[in-house]
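Heads up: the sequence shown begins at 1 in the UniProt record's numbering, then just goes up one per residue.
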Amino acid sequence: MTDRLTHTPRSDALVNRERILDAAREVFAADGLSAPMREVARRAGVGPATLYRHFPTKESLITAAFRDQMRACRAIVHEGLADPDAWRGFCFVIEELCVLHARNGGFTAAFMSAYPDAIDFGADRGAALAAVAESARRAKATGRLRPDFVIDDLILVLMANAGIDAEAAPERVAASRRFAALAIQALRAAPDASPLPPVPRLAPAIPR
């Protein structure tokens, strides 16, 4: 009985924390990072006091909500860097980052934002961007990446990718892969006529 009394509150707290994080990802994906904390609490089915006990600030909530996505982001970049074919590795990074952001609606906004209190998140983002810059440097050395590419171009690609609007996740991911292929063609030092991935249906059929 003593063991149950000791561990049950901790289990409840962990359940509440996960419910809050799941709700935060849904709310921020739908309404952006400006969504109020009370909406996150409502979606999670907890009171504001419970929410603030776990996450005293919105910055701490956003950082925790997207920590796994940030780790995945860094893993993608380092996998691309490990490819002996620098251009292929760079293309892998562009495509998989677009897909990662497409699968996690609020992550792009979180990635772009700067929170002074979220030290770990900011450090991870800086490391990821530095790794992308190194991947780009290697790709330029092959002569296949246009020489005027700068890291801000990646930010433009991710911002545009975030605008893909599809209700179902499979269509959103398919659209993101096609968009990434278009972006990669634009970043090539020389034109390429490789076929694009299939395009999903994103708009009603045009009547004949």
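Glycine is no exception: its CB is placed at the ideal position from the N, C-alpha and C atoms.
Environment of residue i [buried if 16+ CB atoms lie within 10 Å]
i	result
G89	buried
D124	buried
L145	buried
S156	The residue you asked about is not Ser; residue 156 is Leu in the sequence shown. Classification of L156: exposed, given that the 10 Å Cβ count is below 16.
A102	buried
G163	exposed
A75	exposed
A41	buried
A180	buried
G106	buried
Candidates the options: closest to residue i by CA position
i	options	result
P200	G80, P170 and F121	P170
L51	A75, I20 and L154	I20
residue 209	S135, L158 and D152	As shown, the chain starts at 1 and ends at 208. That puts residue 209 outside it, with no answer to give.
A131	V93, E18, N104 and D148	V93
K58	Q69, R71 and R25	R25
residue 242	A181, V15 and F28	For residue 242 there is no data in the structure shown, the boundaries of the chain being 1 and 208.
P56	R138, A186, R38 and D153	R38
L61	G80, L154, D31 and D22	D22
R188	A162, A166, A160 and D153	D153
E96	A110, M70, S113 and V15	M70
A44	D68, V173 and L14	L14
R137	G126, A128, F149 and A127	F149
S113	E167, E79, D68 and T63	T63
For residue i, three-class secondary structure by DSSP
i	result
L196	coil
R188	strand
Presumed contact (8 Å Cβ cut-off) between residue i and residue j, rounded CB distance
i	j	result
R178	P197	5 Å
L100	C73	6 Å
residue 218	C91	Nothing about residue 218 can be reported from this structure: the residues present for the chain run from 1 to 208 only.
A183	A141	Contact doesn't hold; Cβ gap of about 20 Å is too wide.
I151	A139	Between A139 and I151 the Cβ distance is about 13 Å, and since that is not below 8 Å, they are no contact.
Beta carbon proximity, residue i to chain C, threshold 8 Å
i	result
E26	The structure shown contains no chain C, having only a single protein chain.
| message | I'd like the ranges of any alpha helix (DSSP H) spanning at least 4 consecutive residues and lying wholly in the stretch 86-136. | response | 86-103 and 107-112
| message | To test your reading of the DSSP string, which unbroken alpha helix (DSSP H) runs of 4 or more residues are found completely within the stretch 6-47? | response | 37-44
| request: Any chance you could list the alpha helix (DSSP H) runs of at least 4 consecutive residues sitting entirely within the stretch 45-72, in chain order? | output: 48-54 and 58-65
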